[in-house]
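Residue numbers (this note's numbering): 1 to 140.
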């Protein structure tokens, strides 16, 4: 199974996500895609199986991966200080894969009903939900 992590800005959240996915799902391929070279460079430090940068990499890997994990800003054109293009946000929002979004306090969009939590708690929750999805897929 291919697990895609998309990150932008400095790639810090993407780096932690890649580390956690590699640790928790060792038999699966973890792909890291940065919306910019700095994000890609930081995610590279966590040793993903595959790595790429840019708009086309986001589009291509959204079509190929089984599971996508990304900050919620990826859904909004011009989010992340303008890094997210319409093509990127469309690729993520149009995919039919299971997608897990990490909420971001820096995003100017507010999502009602989210509990106040640390980033590490959101990442832990995402890992557990991905585990359930993988187990569900393996029992089919």
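Glycine included, each C-beta is placed from N, C-alpha and C at the ideal position.
Item, Value
"DSSP-derived helix/strand/coil call for residue 84", "coil"
"Cα-Cα separation, residue 42 to residue 4", "15 angstroms"
"Top-ranked residue by Cα proximity to residue 68, from 96, 47, 84", "96"
"Nearest-angstrom Cα separation, counted from residue 90 out to residue 48", "24 angstroms"
"Given 8 angstroms, three or more beta-carbon pairs between the stretch 14 to 23 and the stretch 73 to 85", "no"
"Alpha-carbon spacing of residue 82 relative to residue 100, whole angstroms", "22 angstroms"
"Length at least 3, wholly inside the stretch 47 to 96: the beta strand (DSSP E) runs in chain order", "50 to 53, 67 to 71"
"Straight-line Cα distance separating residue 29 from residue 1", "6 angstroms"
"Alpha carbon of residue 140 to alpha carbon of residue 131, nearest angstrom", "15 angstroms"
"Cα-Cα separation between residue 87 and residue 37, rounded to whole angstroms", "18 angstroms"
"Residue 93 burial status per 10 Å Cβ neighbour count (16 or more: buried)", "exposed"
"Enclosing alpha helix (DSSP H) for residue 17 [first to last residue]", "12 to 24"
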